[in-house]
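Undergrad: First the structure, which I've put down as structure tokens, then a few questions once you've had a look.
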Amino acid sequence: MDNPFEITVFDKFFVRQGWVTDPVYVTFTPRFNAQGSAELQFNADDPILEFVLAAGARLRVTYLGSHLMSGRVRARQGGFVASGTVTVQLLDDWVLLSQTQAWVVPAAVTTSSGALAPTVLTDSAQTRVSVPVSEGAWVARPTPGGYWASVAWAPELGLFCAVGSDTTPGGRVMTSLDGSTWTERTSAAPANYWLSVAWSPELGLFCAVGSTLASTYVMTSPDGISWTSRTSVGADRWSSVAWAPQLSLFCAVGYYSQVTGGMVMTSPDGINWTSRTSAAASNEWLSVVWSPELGLFCAVGRYSLGNRVMTSPNGITWTARTSAADNDWSSVTWSPELSLFCAVSSTGNANNVMTSPNGVTWTSRIPANYNGWTSVAWSPYLGLLCAVGSSGTGSRVMTSPDGV
């Protein structure tokens with residue numbers, strides 16, 4: 007029988023590149039009144055894959071001519087080989103070129119070879135209609151009150167988790183399936199200032215760190231809902247935590263310690279932590295990131311002259327690096343596609359961005375304006391760095407395709 011699915015491929019500028027009329031395999035996972043996900047498999051020699059695997063590529067899936075979902079390619083596996091298949095994952099982001107329609111309920115369909123077996127949406131409550139959203143536009147969403155300091159995405163749960171402070175008693179954690187509707191959760195230490203949260207796919211675990219108003223500086227959760235206090239070591243003001251899958255290790259950095267040099271701690275499970283000596287004991291370390299390609303942690307901070315960067319291949323032994331400027335470096339991210347670290351600072355003028363290909367040699371870059379930049383992240387799907395700031399009039403976001 008004819009394949010009932012048609013997949014239209016667009017580039018990141020919404021320009022149509024072509025169609026896939028005969029995918030090898032399609033499966034859908036609906037979510038109750040929220041986004042769905044899909045896994046699509048194509049023949050590896052299909053020429054359309056050049057566009058499917060391009061940064062920012064978007065797919066629209068129809069079933070028997072009716073819209074099912076649309077979104078950017080979120081992950082990809084396989085490669086261009088003489089024979090075989092390439093699998094891509096897709097998350098419905100509710101964005102269409104014209105309008106977003108409701109889920110349709112496809113009948114069970116299987117090809118004669120059995121290769122095509124889509125999940126059947128049997129619960130009519132899973133159908134939903136949402137309003138169109140313009141590409142590139144930000145939409146305000148209501149949240150529980152408070153200062154929200156950090157957010158992480160768990161693909162395996164299809165869940166955002168944010169941590170912060172100064173909310174109603176018992177809060178300081180909130181979760182969302184779609185980034186639009188948020189639910190407040192009870193943290194392990196409601197009085198704490200929770201400053202950073204990270205997700206470990208391998209452990210199936212969120213890990214959050216914070217500063218002291220209680221004896222709990224670390225907490226973990228398998229679902230973002232139920233949180234358990236963990237005993238930290240060294241610093242009692244932890245500012246950032248990162249997960250290194252290649253090391254099976256959480257690494258946290260801090261900005262105050264009652265133990266000399268103890269501004270770093272590591273854990274293989276988020277539960278048992280070991281104090282590590284930082285490269286500059288007098289520094290306040292504000293952000294840490296892991297580069298899988300370099301096999302390297304990189305942390306940035308403030309205070310010590312010249313060495314406001316440190317790196318480590320294992321989270322245990324740290325080496326001080328000379329920063330491009332003696333600014334208060336608030337955030338650092340890694341771009342595999344650019345092979346580049348990029349850091350932003352809350353102080354400085356024409357030098358409050360710096361980049362490095364290796365974490366060792368850093369170069370000052372001129373920002374879009376001289377705001378106090380607080381955080382930076384890389385999107386492989388857009389091929390874009392995005393930084394946000396705490397100062398500036400109408401311009402507290404800047405983007406860059408190369409960090410330069």
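All residue numbers for the sequence shown refer to my numbering, where the first residue is 7 and numbers rise by one. For glycine and all other residues, C-beta sits at the position ideal for the given N, C-alpha and C.
#1: Nearest to Leu253 by CA position, among Pro298, Thr237, Met225 and Tyr153, is which residue?
#2: Quick check: the Cα distance between Asp184 and Thr68, rounded to an integer number of angstroms?
#3: Label Ala214 either buried or exposed according to how many other C-beta atoms from any shown protein chain fall within 10 Å of its C-beta, with 16 as the threshold for buried.
#4: With a CB to CB cut of under 8 Å and the five nearest residues on each side skipped, what residues in its chain are close to Ile54?
#5: If we define contact as Cβ-Cβ less than 8 Å, is Val295 a contact residue for chain D?
#6: So which of Phe166, Ala60, Trp159 and Arg282 has the shortest CA-CA distance to Glu343?
#7: Using 8 Å as the threshold, is the C-beta distance between Val30 and Thr91 below it?
#8: Tell me whether Gly395 is buried or exposed, calling it buried when 16 or more other Cβ atoms sit within 10 Å of its Cβ.
#9: Please return the same chain residues whose Cβ sits closer than 6 Å to the Cβ of Ala2, not counting the five positions on each side in sequence.
#10: Please list the segments of the beta strand (DSSP E) lying wholly inside the stretch 213-259, counting only runs of 3 or more residues, in order along the chain.
#11: Since Asn375 contacts Gly354 with CB under 8 Å, what's their CB separation in whole angstroms?
#12: Give me the Cβ distance between Leu97 and Ser43, rounded to the nearest whole Å; I'm assuming they're in contact under 8 Å.
#13: Going by DSSP in three states, Val21 sits in which element: helix, strand or coil?
#14: Assuming Val470 is part of the alpha helix (DSSP H), what are its boundary residues?
#15: Spell out the partners DSSP gives Ala61 in its beta bridges.
#16: I need the boundaries of the beta strand (DSSP E) containing Ser281, first residue and last residue.
#17: Taking Val203 as part of the beta strand (DSSP E), name the residues at either end of that continuous run.
#18: In terms of residue numbering, what span does the beta strand (DSSP E) encompassing Val403 cover?
#19: Any idea which residues DSSP pairs Trp340 with across the strands?
#20: Looking only at its own chain, which residues have a Cβ that is under 6 Å from the Cβ of Arg147, when we skip the five neighbours before and after it?
#21: For Leu55, which of helix, strand or coil comes out of DSSP?
#22: Are Arg371 and Gly409 close, meaning C-beta to C-beta below 8 Å?
#23: Where does Glu290 fall in DSSP's three states?
#24: Roughly how far, in whole angstroms, is the beta-carbon of Ser238 from the beta-carbon of Val224, given that I think they are within contact range, below 8 Å?
#25: Ends of the beta strand (DSSP E) at Gly3?
#26: Is it buried or exposed, Thr234, if we count other Cβ atoms within 10 angstroms and call 16 or more buried?
#27: For Gly210, which residues of its own chain have a beta-carbon under 7 Å away from its beta-carbon, when the five flanking residues on both sides are left out?
TA: Quick answer:
#1: Along the sequence shown, read from residue 1 onward, the residue named residue 253 stands at position 247. Taking only the C-alpha atoms, the option nearest Leu253 is Pro298.
#2: Taking the first residue of the sequence shown as 1, we reach residue 184 at position 178. Taking the first residue of the sequence shown as 1, we reach residue 68 at position 62. If you take the alpha carbons of Asp184 and Thr68, they lie about 22 Å apart.
#3: Looking up residue 214 in the sequence shown gives position 208. By the 10 Å Cβ count, Ala214 comes out buried.
#4: Start at 1 with the first residue of the sequence shown, and residue 54 comes out as number 48. If we look at Ile54 and ignore the five residues flanking it on each side, its Cβ neighbours are Val15, Gln23, Gly24, Trp25, Val26 and Phe48.
#5: The structure shown has no chain D; it contains just one protein chain.
#6: Along the sequence shown, read from residue 1 onward, the residue named residue 343 stands at position 337. Glu343 has its Cα closest to that of Ala60, out of Phe166, Ala60, Trp159 and Arg282.
#7: As a first step, residue 30 must be located in the sequence shown, where it is residue number 24. As a first step, residue 91 must be located in the sequence shown, where it is residue number 85. Contact: yes.
#8: Position 389 of the sequence shown, counted from the first residue, corresponds to residue 395. Per the 10 Å Cβ criterion, buried.
#9: Because the chain in this structure spans residues 7 to 410, residue 2 falls outside the shown range and cannot be described.
#10: List check, beta strand (DSSP E) in window: 224-227, 234-236 and 244-250.
#11: Stepping through the sequence shown from its first residue, residue 375 is reached at position 369. Stepping through the sequence shown from its first residue, residue 354 is reached at position 348. The pair is not a contact, with the Cβ atoms about 12 Å apart (cut-off 8 Å).
#12: Residue numbering aside, residue 97 sits at position 91 when the sequence shown is read from its first letter. Residue numbering aside, residue 43 sits at position 37 when the sequence shown is read from its first letter. About 5 Å separates the two Cβ atoms, so the contact holds.
#13: For the purposes of this step, residue 21 is taken as the residue at position 15 of the sequence shown. Coil, per DSSP.
#14: In the structure as shown, the chain starts at 7 and stops at 410, and residue 470 therefore has no counterpart that could be examined.
#15: In the sequence shown, the residue the question calls residue 61 occupies position 55. Its beta-bridge partners do not exist; DSSP assigns none.
#16: Counting from 1 along the sequence shown, the entry for residue 281 is found at position 275. First-last of the beta strand (DSSP E) with Ser281: Thr280 to Arg282.
#17: Walking along the sequence shown from the start, residue 203 turns up at place 197. Note, Val203: beta strand (DSSP E), Tyr199 to Ser206.
#18: Along the sequence shown, read from residue 1 onward, the residue named residue 403 stands at position 397. That run of the beta strand (DSSP E) goes Val403 to Ser406.
#19: As a first step, residue 340 must be located in the sequence shown, where it is residue number 334. Beta-bridge pairing links Trp340 to Phe347.
#20: Position 141 of the sequence shown, counted from the first residue, corresponds to residue 147. Cβ neighbours of Arg147 beyond the five flanking positions: Ser186.
#21: Translated into the one-based positions of the sequence shown, residue 55 becomes position 49. Looking at Leu55 - three-state DSSP - the assignment turns out to be helix.
#22: Counted from its first residue, the sequence shown places residue 371 at position 365. Counted from its first residue, the sequence shown places residue 409 at position 403. A contact, by the Cβ cut-off of 8 Å.
#23: In the sequence shown, the residue the question calls residue 290 occupies position 284. In this structure, Glu290 counts as strand in the three-state DSSP scheme.
#24: Within the sequence shown, residue 238 is the residue found at index 232, counting from 1. Within the sequence shown, residue 224 is the residue found at index 218, counting from 1. Right, the Cβ-Cβ distance comes to about 5 Å (below 8 Å), so this counts as a contact.
#25: Missing from the structure shown is residue 3; the chain here goes from 7 to 410 and no further.
#26: By one-based count along the sequence shown, residue 234 stands at place 228. It is exposed - the Cβ of Thr234 has fewer than 16 other Cβ atoms within 10 Å.
#27: Working through the sequence shown from its first residue, we reach residue 210 at position 204. Closer than 7 Å at the Cβ level, and outside the excluded window around Gly210, lie Glu162 and Pro228.
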